[in-house]
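Protein sequences appear in the order of chains A and B.
-7 is the number of the first residue of the first sequence in my numbering; add one for each residue after it.
-7 is the number of the first residue of the second sequence in my numbering; add one for each residue after it.
Just so you know, even glycine gets a beta-carbon here, dropped at the ideal spot from N, CA and C.
All figures in this text were calculated on a predicted structure; none of them were measured in a lab.
Report on the structure given below.
Protein chains: 2
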Amino acid sequence: MSKYLNDMNEIFKALNDATRREILDLLKEKDMSAGEIADAFNISKPSISHHLDILKRADLITSEKNGQFIIYSINTTIMEDVLQWILTFKQ
Amino acid sequence: MSKYLNDMNEIFKALNDATRREILDLLKEKDMSAGEIADAFNISKPSISHHLDILKRADLITSEKNGQFIIYSINTTIMEDVLQWILTFKQ
DNA sequence: AAAGTATTTAGATATTTGTCTAAATATTTA
DNA sequence: TAAATATTTAGACAAATATCTAAATACTTT
């Protein structure tokens, strides 16, 4: 668990888009290359690349170069920050 | 707990603003009138009214007229939806 | 080294968003 | 009922956002 909460602005900004939330849903199942992710949407590759960049800046995903591919993975530890934020509203 | 998840688009849209999240923080402590809420920010009353409208559309707050005042309250049951959404990412 | 594949960067554009001031509506008080 | 108070609605505008096409970069294969 993170000692200091990550920038909630960046996190909520990243989550405020249905396409980006769908990307997280995909990565929840398995790591995927940028191309594989783009193939799952009717959106251009540059647009998906931009969404991936926003998710990455929020630390919601990580990327690793593997040859000519870039493999994206979900970073669930950031979800813990959102969870903690929400729990401040319980009771 | 809600049987059907509320419109996550509206919820995340509402949460994607620092002022609106601060309003929720205020209402977490106690119910407040629109004017009291506005006084807590260096933002015009119409702008705060607009933020309250967005929070209300997301069901994150409720309002009740009391004479010439409109009293706003937090609706924490919607946070349960966000909680459930986040939990889909755990493990 | 040239061609092909994977991805991002750059630049443009239409839409959405947050803010403001001015005006309208609703309630209370003198 | 007129004046004061509380809040919202309307309309304008600048900034942010999501998208696109075209071009650039990086790696692999022949």
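Legend entry - Inside the stretch -6 to 64 of chain B only - alpha helix (DSSP H) runs reaching at least 4 residues: Counting only runs of at least 4 residues, the stretch -6 to 64 of chain B fully encloses the following alpha helix (DSSP H) elements, listed from N- to C-terminal order: 0 to 7, 10 to 21, 26 to 31 and 37 to 49.
Inset, instruction - Answer yes if the stretch 58 to 68 of chain B comes into contact with the stretch 17 to 34 of chain B, meaning at least three C-beta pairs across the two stretches below 8 Å, and no otherwise. - result: Contact holds: three or more Cβ-Cβ distances are below 8 Å.
Legend entry - B:Asp31 versus A:Pro38 - alpha carbon distance: Their Cα atoms are separated by approximately 43 Å.
Legend entry - alpha helix (DSSP H) segment containing B:Thr69, residue limits: Per DSSP, B:Thr69 belongs to the alpha helix (DSSP H) from Thr69 to Leu79.
Inset, instruction - Identify, in the order they occur along the chain, each residue of the same chain with its Cβ nearer than 6 Å to the Cβ of B:Thr54, setting aside the five sequence neighbours on each side. - result: Excluding residues within five positions, the ones whose Cβ falls inside 6 Å are Ser65 and Asn67.
Inset, instruction - Measuring only between beta-carbons, confirm whether B:Ile78 sits less than 8 Å from chain A. - result: Contact of B:Ile78 with chain A is assigned, a C-beta pair being separated by under 8 Å.
Inset, instruction - Could you tell me if A:Ile3 is buried or exposed, where buried requires 16 or more neighbouring beta carbons within 10 angstroms of its beta carbon? - result: Residue environment for A:Ile3: buried (at least 16 other C-beta atoms within 10 angstroms of its C-beta).
Legend entry - Best match in B:Ile40, B:Gly59 and B:Leu47 for proximity to B:Ile70 [C-alpha to C-alpha]: Closest by alpha carbon: B:Leu47.
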